[in-house]
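The block underneath contains the structure these notes are about, expressed in structure tokens.
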Amino acid sequence: MGHIKNLNKWANAHTYLFLDLIRIMLGVVLFIKGIEFMSNHVEMEAMARPFKDIPGGMLILHYIAPAHFVGGILIAVGLLTRWAAIAQIPIILGAVLTNFLGAMNTNNLILALVVLLLCLFFIVYGSGKHSADYYLKMQQ
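Heads up, the sequence shown is in my numbering, so the first residue is 13 and it goes up one at a time.
And the structure:
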């Protein structure tokens, strides 16, 4: 717990509005991808086809859309940002892996790599000063 407090102190001392805007954009992108997955079942099935022989493949399909949907909202408002970003990591690693196991789509690969790097950054950085986490912490 002390390590997380040190990370929060460092992040609050080095917070910038630009990083908060990037966090919000990341959340919006994840939210839109979650809506896209929920509304387009055919594309979702095609993307998950390389993982169909893996045990729990159907569980993967039912985890991706809600995790993007809820995680995107949480990241955008800055509430439980680290936990929401951690929940995105297996999905995004799967997206990167899908490009190598299935048909290679460079646009999807680049998007997945950028989102992966941003999620890893926000796991370390946290939600920043302009977030619900910071607001709730100041209300204590």
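Ideal Cβ positions, reconstructed from N, Cα and C, are used throughout, including at glycine. None of the values given here were measured: they were computed from a predicted structure.
Nearest to GLU48 by alpha carbon, out of HIS80, PHE112, ARG94, LEU29? Comparing C-alpha distances from GLU48 to each of HIS80, PHE112, ARG94, LEU29 shows the shortest one belongs to HIS80.
- Task: Go through the stretch 53-104 residue by residue and report every complete run of the alpha helix (DSSP H) that reaches 4 residues or more, in order.
- Result: 53-60, 69-89, all fully within the stretch 53-104.
Which residue comes first and which comes last in the alpha helix (DSSP H) that contains SER143? First-last for SER143: undefined, no H or E at that position.
For the alpha helix (DSSP H) containing MET50, list its first residue and its last residue.
First-last of the alpha helix (DSSP H) with MET50: 29-51.
So, at 7 Å on beta carbons, what are the nonlocal neighbours of ALA96 in its own chain, with the 5 sequence-adjacent residues on each side left out? Within the same chain, ALA96 has close Cβ partners GLY83, LEU86, ILE87.
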